[in-house]
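Asks: Chains as they are written, first to last, in our numbering: chain A, 48 to 235; chain B, 19 to 117.
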Amino acid sequence: MMSVSKHEAEAALSQIDSVTRRGMALRSYRHAGPILMVWGLIWGLGYLGMAKVAPEYWGWMWGGLDVVGVVGTLVLSSRFKPVDGGLPGQAWRSSLGMAACVAFILAIVAVFPKTELLPYIALPGLFVGFLYTVMGVVMAAWRYALIGAVVFLATLLGYYAWPQYLAEWLALVGGGGLFLSGLWLRSA
Amino acid sequence: MAGLDDVIHQPLRLKIMAALAAEKGQPLDFPRLKTITQATDGNLGSHLTTLEKAGYVAIEKDFVGKRPRTQARLTPEGRKAFRAHVEYLRGVVEAADEL
Numbered sequence: 048m049m050s051v052s053k054h055e056a057e058a059a060l061s062q063i064d065s066v067t068r069r070g071m072a073l074r075s076y077r078h079a080g081p082i083l084m085v086w087g088l089i090w091g092l093g094y095l096g097m098a099k100v101a102p103e104y105w106g107w108m109w110g111g112l113d114v115v116g117v118v119g120t121l122v123l124s125s126r127f128k129p130v131d132g133g134l135p136g137q138a139w140r141s142s143l144g145m146a147a148c149v150a151f152i153l154a155i156v157a158v159f160p161k162t163e164l165l166p167y168i169a170l171p172g173l174f175v176g177f178l179y180t181v182m183g184v185v186m187a188a189w190r191y192a193l194i195g196a197v198v199f200l201a202t203l204l205g206y207y208a209w210p211q212y213l214a215e216w217l218a219l220v221g222g223g224g225l226f227l228s229g230l231w232l233r234s235a
Numbered sequence: 019m020a021g022l023d024d025v026i027h028q029p030l031r032l033k034i035m036a037a038l039a040a041e042k043g044q045p046l047d048f049p050r051l052k053t054i055t056q057a058t059d060g061n062l063g064s065h066l067t068t069l070e071k072a073g074y075v076a077i078e079k080d081f082v083g084k085r086p087r088t089q090a091r092l093t094p095e096g097r098k099a100f101r102a103h104v105e106y107l108r109g110v111v112e113a114a115d116e117l
């Protein structure tokens, strides 16, 4: 019978680890894809609303859309069974995570002075872009990092290049971009 | 300590077994297995056949709409053999560390 050296055994174990991580990343993409598509639609509708509706209605509009998004996340997450040592309650954790993000943005809007509208329009784009970039880097899931970087940079571009159309820009690039990103993730 | 499994130890077959073991009994289709293992079509097909002949992997072919689909899953025997192989590899590393 053949035997292997310590070096060969370590290399084989590291290969197993790397394949397992790659598989987990692809599975997470497939699960996250439809959720991202839902948030892309919500994002698109919310920003279109900001372009068309008076600012005093924005809070109600986003509140309603966010509830739909959190419920959608819960429904979509519950379709996937945890495998490979995944923790139970994934659906609830995903929905609570989304709810925490929404609460964070709403709290920032509530606490900071409202002297200008434009920074508040850019805030969700910057926050979501930052969140996905960090998540992608930490999890070594590069598709998330790429999506995050694109959303972040597109938000900055719109803010500085055509501020008068920022809401429409974010509806198109942010909402449409997230929806297409969801399709891309789902195909992984 | 379990012995080295020559069938599993080949690099691509080891990747295939690791990818399927991580699915905990759920099948993986051919394109996804190819992405995870970073193998070419021909290589993946031939090594899957070797694993199937050894009884470690079950290959299932069906249709999704009009498109043919090939899926692979680990058999109970394959899962056991993979666990034993990983144990063996860990044992080699631990034994060398103790020296």
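Idealized CB from N, CA, C, for every residue including glycine.
The beta strand (DSSP E) spanning R91/B covers which residue range?
Replies: Looking up residue 91/B in the second sequence gives position 73. R85 to L92 is the span of the beta strand (DSSP E), which, as asked, contains R91/B.
Asks: Does L30/B pass the burial test, meaning 16 or more other C-beta atoms within 10 Å, or should it be called exposed?
Replies: As a working note, residue 30/B is residue 12 in the second sequence. Burial call: buried.
Asks: Is the shortest distance between the beta-carbon of V75/B and the beta-carbons of chain A less than 8 Å?
Replies: As a first step, residue 75/B must be located in the second sequence, where it is residue number 57. Taking Cβ atoms only, chain A never reaches closer than 8 Å to V75/B, which makes this a no.
Asks: Whose Cβ in chain B lies nearer than 7 Å to the Cβ of S125/A?
Replies: Stepping through the first sequence from its first residue, residue 125/A is reached at position 78. Going along chain B, no residue has its Cβ under 7 Å from S125/A, so there is no contact; the nearest lies around 17 Å.
Asks: Can you tell which of V198/A, T202/A, Q211/A and P210/A has its C-alpha closest to the C-alpha of F226/A?
Replies: The residue labelled residue 226/A in the question sits at position 179 within the first sequence. If we check each option's Cα against that of F226/A, V198/A comes out closest.
Asks: Can you grab the Cα-Cα spacing for the pair I89/A / E105/B, in whole Å?
Replies: For the purposes of this step, residue 89/A is taken as the residue at position 42 of the first sequence. For the purposes of this step, residue 105/B is taken as the residue at position 87 of the second sequence. Answer to the nearest angstrom: the Cα atoms are 48 Å apart.
Asks: What are the complete alpha helix (DSSP H) segments, minimum 4 residues, inside the stretch 91-173 of chain A?
Replies: 105-124 and 137-158
Asks: Which residues in chain B have a C-beta closer than 7 Å to the C-beta of T67/A? List them in chain order.
Replies: Here residue 67/A is taken as the residue at index 20 of the first sequence, counted from 1. In chain order: A36 and A40.
Asks: Listing by chain order, which chain B residues have their CB less than 7 Å from the CB of A56/A?
Replies: In the first sequence, counting from the first residue as 1, residue 56/A sits at position 9. Result: L107, V110 and V111.
Asks: Using alpha carbons as the reference points, say which of L178/A, L92/A and S141/A lies closest to A218/A.
Replies: Locating residue 218/A in the first sequence gives position 171, counting from the first residue. Comparing Cα positions, the closest option is L92/A.
Asks: Can you list the beta strand (DSSP E) stretches of 3 or more residues lying completely in the stretch 20-91 of chain B, in chain order?
Replies: Whole beta strand (DSSP E) segments, 3+ residues: 75-82.
Asks: Measure from the alpha carbon of F10/B to the alpha carbon of each residue in E112/B, G83/B and G73/B, then state which is nearest.
Replies: With chain B represented from 19 up to 117, any question about residue 10/B goes unanswered, as that position is not in the structure.
Asks: Are the beta-carbon atoms belonging to L32/B and S50/A less than 8 Å from one another?
Replies: As a working mapping, residue 32/B is identified with position 14 in the second sequence. As a working mapping, residue 50/A is identified with position 3 in the first sequence. Going by C-beta atoms, L32/B is not nearer than 8 Å to S50/A.
Asks: Under the assumption that G80/A contacts G221/A (Cβ atoms under 8 Å), give the Cβ distance between them as a whole number of angstroms.
Replies: Counting from 1 along the first sequence, the entry for residue 80/A is found at position 33. Counting from 1 along the first sequence, the entry for residue 221/A is found at position 174. In this structure, G80/A and G221/A do not form a Cβ contact; the two beta carbons are roughly 17 Å apart against a cut-off of 8 Å.
Asks: Quick check on this structure: which residue in A192/A, L203/A and L164/A has the alpha carbon closest to the alpha carbon of G172/A?
Replies: For the purposes of this step, residue 172/A is identified with residue 125 of the first sequence, where counting begins at 1. It is L203/A whose Cα lies nearest to the Cα of G172/A.
Asks: Tell me the DSSP secondary structure of V185/A in three-state form.
Replies: In the first sequence, residue 185/A corresponds to position 138, counting from 1. Helix, per DSSP.
Asks: Does any C-beta atom of chain B lie closer than 8 Å to the C-beta of V161/A?
Replies: On the first sequence, position 114 is the one that residue 161/A refers to. According to the sequence shown, residue 161/A is Lys rather than Val. Interface annotation, K161/A: not in contact with chain B, CB-CB separation never under 8 Å.
Asks: Give a yes or no on whether the minimum CB-CB distance between R31/B and chain A is below 8 Å.
Replies: Along the second sequence, one-based indexing puts residue 31/B at 13. It does not; no Cβ of chain A falls within 8 Å.
Asks: Which residues in chain B have a C-beta closer than 9 Å to the C-beta of Q211/A? List them in chain order.
Replies: As a first step, residue 211/A is located in the first sequence; it is residue number 164 there, counting from the start. Going along chain B, no residue has its Cβ under 9 Å from Q211/A, so there is no contact; the nearest lies around 43 Å.
Asks: Closest to A150/A by C-alpha separation, out of A169/A, F174/A and T162/A, would be which residue?
Replies: Looking up residue 150/A in the first sequence gives position 103. Checking every option, the nearest Cα to that of A150/A belongs to F174/A.
Asks: Below 8 Å between beta carbons: does that hold for R91/B and L38/B?
Replies: Taking the second sequence and counting its residues from 1, one reaches residue 91/B at position 73. Taking the second sequence and counting its residues from 1, one reaches residue 38/B at position 20. Yes, the pair counts as a contact, with Cβ atoms nearer than the cut-off.
Asks: Going by the CB atoms, is the gap between A114/B and T93/B shorter than 8 Å?
Replies: As a first step, residue 93/B must be located in the second sequence, where it is residue number 75. As a first step, residue 114/B must be located in the second sequence, where it is residue number 96. Cβ distance not < 8 Å, so T93/B and A114/B don't count as in contact.
Asks: Can the beta-carbon of I54/B be found closer than 8 Å to that of R69/A?
Replies: Walking along the second sequence from the start, residue 54/B turns up at place 36. Walking along the first sequence from the start, residue 69/A turns up at place 22. The Cβ atoms of I54/B and R69/A sit closer than 8 Å to each other.
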